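Student: Those protein sequences? They're chains A and B, same order as listed. With the first letter of the first sequence counted as 1, position 61 gets the number 61 in the working numbering; the numbers rise by one all the way through. With the first letter of the second sequence counted as 1, position 47 gets the number 264 in the working numbering; the numbers rise by one all the way through. I have a structure here, written as structure tokens, and I will follow up with some questions on it.
There are 2 protein chains.
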Amino acid sequence: MIFTMEPPKVKPVAGVRRQRRKLRTPNPEVRGRLLQAAGELILERGFPSLRIDEIAERAGLSVGTFYLYFEGKDELFTSLVVEQTRLLRERLNRAMEGAASRAERGARRLDAYLDFVEETEPGFKHYLRAGSMETTVGDLSTWAFTEHAQDVLPIVEEIVGDKLDPAELELLVQANLAVTQHLAGYWLEHKDRFSRARIQKFIQDVTAAVLVGLRSR
Amino acid sequence: MIFTMEPPKVKPVAGVRRQRRKLRTPNPEVRGRLLQAAGELILERGFPSLRIDEIAERAGLSVGTFYLYFEGKDELFTSLVVEQTRLLRERLNRAMEGAASRAERGARRLDAYLDFVEETEPGFKHYLRAGSMETTVGDLSTWAFTEHAQDVLPIVEEIVGDKLDPAELELLVQANLAVTQHLAGYWLEHKDRFSRARIQKFIQDVTAAVLVGLRSR
């Protein structure tokens, strides 16, 4: 993971937090190390049981330093989601480059998304539960949907833009994101019964059916 | 609202709770009054700012009595979701009775669902945020999806059961529930831009497109 150098702009508005001293010149490298350490620990054993002293230790920093950069676990998680959303958007857009057809472009995008879901499984599962956290930019998962919607909108617009008005295109993007995320989560909870290939094909078939059906209205 | 006489079986596993004295013979009428009072107050001003003393006062009971029936606000909310899910299932199934066609049956079901969403708006919004609460039966919204899936499965089975295997039918039901719930929530957040009729028609069109598309594979 390569973390951005930008300070966090999205923060939770509730939950446990400490009054903390603000750094006038925060060190982006230190912030990145804390996020990196937290990301690793979440992969190893999920988010809920993580303790801040463990994150600090893994990063080779003190608990006091942690609190110079984050108000608590919720803000840390929010920052991770913001970073991961940025990285995921880049990755999905890159995955589509050079595709020979619209169908292949969609397939590649979905494939890269499921790669991400699989790679970050413990964090993704926690996000499905904690994503509704209230932040300074509203509900965290609504924010993430809005981010991804910017990339999906031009894709569906190219396919059905002449048949749907802007409001319908917006709803279509929301529906696509909701189904994809929900079925990815459902797959993780039921890996014993559904292979990744099956989930992937099902999402593709449903997406294709919707696009064909809306074109022929 | 008419609340069931059954004691609560679904409880949150985390959050603030009190060690409480268990009643050997809880009074279902008292429990119902507390749920009723909470339901009314949520409609008036949402869930987050509600205080337990207000709920008790509205029910004409003491705070001590509240804690004889519920461990705290989370358990109260979970109980409300369980009750509402049961009432909603009955209502949706009743709405479909006597429909002249499959299309009309689906339209009536969706119409009744959006009635419910509109009537319970503040509670529904809170559910979209707090539904991922961990309970004794797992994630609360996963539990509710599983409840509704029992009613939706026979409907889609009748339409595409000969074309899809059981695993695909299961995914189709999940996709349908996810899209319907997400777009209902999206509508509530953007009522200035989307009429109810527009959301309703869009969900119907998308559902029809998926069913037609999967039939013709």
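Even glycine gets a Cβ: it sits at the ideal position worked out from N, Cα and C. Bear in mind the structure is a predicted one, so any value in this text is a computation, not a measurement.
Going straight from the alpha carbon of residue 270 of chain B to that of residue 344 of chain B, what length do you get?
Tutor: Residue numbering aside, residue 270 of chain B sits at position 53 when the second sequence is read from its first letter. Residue numbering aside, residue 344 of chain B sits at position 127 when the second sequence is read from its first letter. When rounded, the distance between both Cα atoms is 22 Å.
Student: Return helix, strand or coil for residue 337 of chain B, following the three-state DSSP convention.
Tutor: As a first step, residue 337 of chain B is located in the second sequence; it is residue number 120 there, counting from the start. Coil at residue 337 of chain B, not helix or strand.
Student: Which partner residues of residue 353 of chain B appear in the DSSP bridge assignment?
Tutor: Along the second sequence, one-based indexing puts residue 353 of chain B at 136. Bridge partners of residue 353 of chain B: B:355.
Student: To the nearest angstrom, report how far apart residue 206 of chain A and residue 332 of chain B are at their CA atoms.
Tutor: Along the first sequence, read from residue 1 onward, the residue named residue 206 of chain A stands at position 206. Along the second sequence, read from residue 1 onward, the residue named residue 332 of chain B stands at position 115. Between residue 206 of chain A and residue 332 of chain B, the C-alpha separation is close to 27 Å.
Student: Could you tell me the distance, in whole angstroms, from the CA atom of residue 229 of chain B to the CA atom of residue 239 of chain B?
Tutor: Translated into the one-based positions of the second sequence, residue 229 of chain B becomes position 12. Translated into the one-based positions of the second sequence, residue 239 of chain B becomes position 22. Between residue 229 of chain B and residue 239 of chain B, the C-alpha separation is close to 17 Å.
Student: Leaving out five residues before and five after residue 401 of chain B in sequence, what residues of the same chain have Cβ atoms less than 6 Å from its Cβ?
Tutor: In the second sequence, the residue the question calls residue 401 of chain B occupies position 184. Answer for residue 401 of chain B: 334, listed in chain order.
Student: Of all the CB atoms in chain E, is at least one closer than 9 Å to the CB of residue 415 of chain B?
Tutor: Here the protein chains are A and B, and chain E is not one of them.
Student: Going along the stretch 105-118 of chain A in order, which residues come within less than 8 Å of chain B, judged by CB to CB distance?
Tutor: Listed by position, the residues of the stretch 105-118 of chain A near chain B (Cβ gap below 8 Å) amount to none.
Student: Using a 10 Å radius around the Cβ and a threshold of 16 neighbouring Cβ atoms, would you call residue 93 of chain A buried or exposed?
Tutor: Here residue 93 of chain A refers to the residue found at position 93 when the first sequence is read from its first residue. By the neighbour-count rule (16 or more Cβ atoms within 10 Å), residue 93 of chain A is not buried but exposed.
Student: Assuming residue 219 of chain A and residue 122 of chain A make a contact with CB atoms under 8 Å, what is their CB distance in whole Å?
Tutor: The structure shown does not extend to residue 219 of chain A, since chain A spans only 1 to 217, so no value can be given for it.
Student: Thinking just about the alpha-carbon of each residue, which of B:434, B:399 and B:312 is nearest to the one in residue 142 of chain A?
Tutor: The count along the first sequence starts at 1 and reaches residue 142 of chain A at position 142. Of B:434, B:399 and B:312, the residue nearest in Cα terms is B:399.
Student: Using the C-alpha atoms, what's the distance from residue 299 of chain B back to residue 251 of chain B?
Tutor: By 1-based counting over the second sequence, the position of residue 251 of chain B is 34. By 1-based counting over the second sequence, the position of residue 299 of chain B is 82. So the alpha carbons of these two residues sit roughly 15 Å apart.
Student: So that I know if they touch, is there some Cβ in chain A lying closer than 9 Å to that of residue 268 of chain B?
Tutor: Position 51 of the second sequence holds residue 268 of chain B. Cβ-Cβ to chain A under 9 Å: no for residue 268 of chain B.
Student: Mind pulling the chain B residues with CB within less than 8 Å of residue 205 of chain A?
Tutor: The residue you call residue 205 of chain A lines up with position 205 of the first sequence. In chain order: 430, 431 and 434.
Student: Just grab the DSSP bridge partners of residue 243 of chain B for me.
Tutor: Numbered from 1 along the second sequence, position 26 holds the residue referred to as residue 243 of chain B. The partner list for residue 243 of chain B (beta bridge, DSSP) is empty, contrary to what the question assumes.
Student: Taking the Cβ atom as the reference point for each residue, do residue 171 of chain A and residue 330 of chain B lie within a distance shorter than 9 Å?
Tutor: The count along the first sequence starts at 1 and reaches residue 171 of chain A at position 171. The count along the second sequence starts at 1 and reaches residue 330 of chain B at position 113. Not closer than 9 Å, so no.
Student: Give a yes or no on whether the minimum CB-CB distance between residue 318 of chain B and chain A is below 9 Å.
Tutor: Taking the first residue of the second sequence as position 1, residue 318 of chain B is located at position 101. Not an interface residue.
Student: Give the straight-line distance between the Cα atoms of residue 66 of chain A and residue 41 of chain A, rounded to the nearest whole angstrom.
Tutor: For the purposes of this step, residue 66 of chain A is taken as residue 66 along the first sequence, with counting starting at 1. For the purposes of this step, residue 41 of chain A is taken as residue 41 along the first sequence, with counting starting at 1. Their backbone Cα atoms lie some 15 Å apart in a straight line.
Student: Could you check where the alpha helix (DSSP H) with residue 228 of chain B kicks off and where it finishes?
Tutor: For the purposes of this step, residue 228 of chain B is taken as residue 11 along the second sequence, with counting starting at 1. From DSSP, residue 228 of chain B is part of no alpha helix (DSSP H); its letter is neither H nor E.
Student: With three or more beta-carbon pairs closer than 8 Å as the criterion, would you say the stretch 186-203 of chain A touches the stretch 131-141 of chain A?
Tutor: The answer is no - the stretch 131-141 of chain A does not touch the stretch 186-203 of chain A, with fewer than three Cβ pairs under 8 Å.
Student: Would you kindly check if the distance between the Cβ of residue 147 of chain A and the Cβ of residue 215 of chain A is under 9 Å?
Tutor: Your numbering for residue 215 of chain A matches position 215 in the first sequence. Your numbering for residue 147 of chain A matches position 147 in the first sequence. The answer is no: Cβ separation not under 9 Å.
Student: Can you give me the C-alpha to C-alpha distance between residue 278 of chain B and residue 266 of chain B, rounded to a whole angstrom?
Tutor: What you label residue 278 of chain B is simply residue 61 of the second sequence in a count that begins at 1. What you label residue 266 of chain B is simply residue 49 of the second sequence in a count that begins at 1. Roughly 20 Å between the two C-alpha positions.
Student: For a test of the three-state rule: what should DSSP assign to residue 407 of chain B, helix, strand or coil?
Tutor: Position 190 of the second sequence, counted from the first residue, corresponds to residue 407 of chain B. Three-state result, residue 407 of chain B: coil.
Student: Tell me whether residue 380 of chain B sits in a helix, a strand or coil according to DSSP, three-state version.
Tutor: As a working mapping, residue 380 of chain B is identified with position 163 in the second sequence. Coil at residue 380 of chain B, not helix or strand.
Student: Inspect the beta-carbon positions of residue 209 of chain A and residue 429 of chain B and report whether they are closer than 9 Å.
Tutor: As a first step, residue 209 of chain A is located in the first sequence; it is residue number 209 there, counting from the start. As a first step, residue 429 of chain B is located in the second sequence; it is residue number 212 there, counting from the start. Yes. Within cutoff.
Student: What residue range is occupied by the uninterrupted alpha helix (DSSP H) comprising residue 71 of chain A?
Tutor: Here residue 71 of chain A corresponds to residue number 71 of the first sequence, with the count starting at 1. Taken as a continuous stretch (DSSP letters only), residue 71 of chain A belongs to no alpha helix (DSSP H), as it is neither H nor E.
Student: Strictly under 9 Å for the Cβ-Cβ distance: is residue 139 of chain A near chain B by that measure?
Tutor: If you number the first sequence from 1, residue 139 of chain A lands on position 139. So, interface residue.
Student: Distance, Cα to Cα, residue 7 of chain A vs residue 165 of chain A?
Tutor: As a first step, residue 7 of chain A must be located in the first sequence, where it is residue number 7. As a first step, residue 165 of chain A must be located in the first sequence, where it is residue number 165. Here the model assigns residue 7 of chain A a pLDDT of 46, short of 50, so the residue's position is not dependable and the matter cannot be decided.
Student: So, for residue 368 of chain B: in the same chain, excluding its five sequence neighbours on each side, which residues have a beta-carbon less than 7 Å away from its beta-carbon?
Tutor: Position 151 of the second sequence, counting from 1, holds the residue named residue 368 of chain B. 306, 309 and 310.
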